[in-house]
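My numbering numbers the first residue of the sequence shown as 65 and each following residue consecutively.
Presented below is the structure to which this report refers.
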Amino acid sequence: SLSPTLDNLVSTEIYGLTAAKKIPPAVEKKVVLNANAQKVWDYLSEPGNYKKFSGVQEFTCEEKALNAKIELTTKAGKKRSQYISVIDYDNFKICYFVTKSDYAGDKQWVYAFEVKSKGSKKCEVTLSIYFGFDELSPEFKEGITKEFDDIVAGLKKKF
């Protein structure tokens, strides 16, 4: 789960709320890799590598920095606009705030990558989607699950 501050930030960004609400992930996928957490984080959080491990058709990102804008087209041809809303170098977390997507139109959502150390040569990567308290449409759920499967396959190939 994301840290309380991050959860608050996610809910604040989506609802403009200051009250802390624990938003459950709409989709979550975990994978254990036989690699050092720092190494995996460095690779996963580098926008230049996103295309390599995710299999997206197109990917543009200004830089690895807070608020850096990203445009991408998934393997299945779905477009979306997003920006980096959190980069937590201490806890190996990066969040992308999606402003527009073929999955959900103008409805905003967040997805997060987190890397947790499980010893010097092992780590767990968690991929999650936060969509407020709404249900994902079947197409959205299926599409994002496929994206996460592709990312996991890409990470396993690399590590």
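Idealized CB from N, CA, C, for every residue including glycine.
DSSP three-state assignment for residue i, whether helix, strand or coil
i: Phe156; result: coil
i: Leu191; result: strand
i: Ile151; result: strand
i: Thr163; result: strand
i: Leu130; result: coil
For residue i: DSSP bridge partner residues
i: Gly218; result: Per DSSP, none; premise fails for Gly218.
i: Phe223; result: Phe223 is not bridged to any residue.
i: Tyr175; result: Tyr160, Ile193
i: Glu92; result: Ser192
i: Phe123; result: Leu136
Rounded C-alpha distance that separates residue i from residue j
i: Ser184; j: Ala101; result: 8 Å
i: Lys116; j: Glu199; result: 30 Å
i: Pro68; j: Thr209; result: Reliability fails at Pro68, whose pLDDT of 49 lies under 50, so the model's placement of it is uncertain and the value that follows must be treated cautiously. Those two C-alpha atoms are separated by around 25 Å.
i: Leu66; j: Ala90; result: With a pLDDT of only 49 at Leu66, under 50, the local geometry of the prediction cannot be trusted, and the value read off the model is given with reservation. If you take the alpha carbons of Leu66 and Ala90, they lie about 13 Å apart.
i: Lys245; j: Thr138; result: With the chain running from 65 to 223 in the structure shown, residue 245 is simply not present.
i: Tyr107; j: Glu122; result: 18 Å
i: Leu81; j: Ala140; result: Low confidence applies to Leu81: its pLDDT is 49, below 50, so where it sits in the model is not reliable enough to give any reading.
i: Asn131; j: Thr190; result: 22 Å
Buried versus exposed, by CB contacts within 10 Å (16 or more), residue i
i: Lys157; result: buried
i: Thr163; result: exposed
i: Leu219; result: buried
i: Glu126; result: exposed
State whether the region 134-152 contacts the region 184-198, with contact taken as three or more CB pairs (one from each stretch) at a distance under 8 Å.
Note that the region 134-152 does not touch the region 184-198; fewer than 3 beta-carbon pairs, one per stretch, sit closer than 8 Å.
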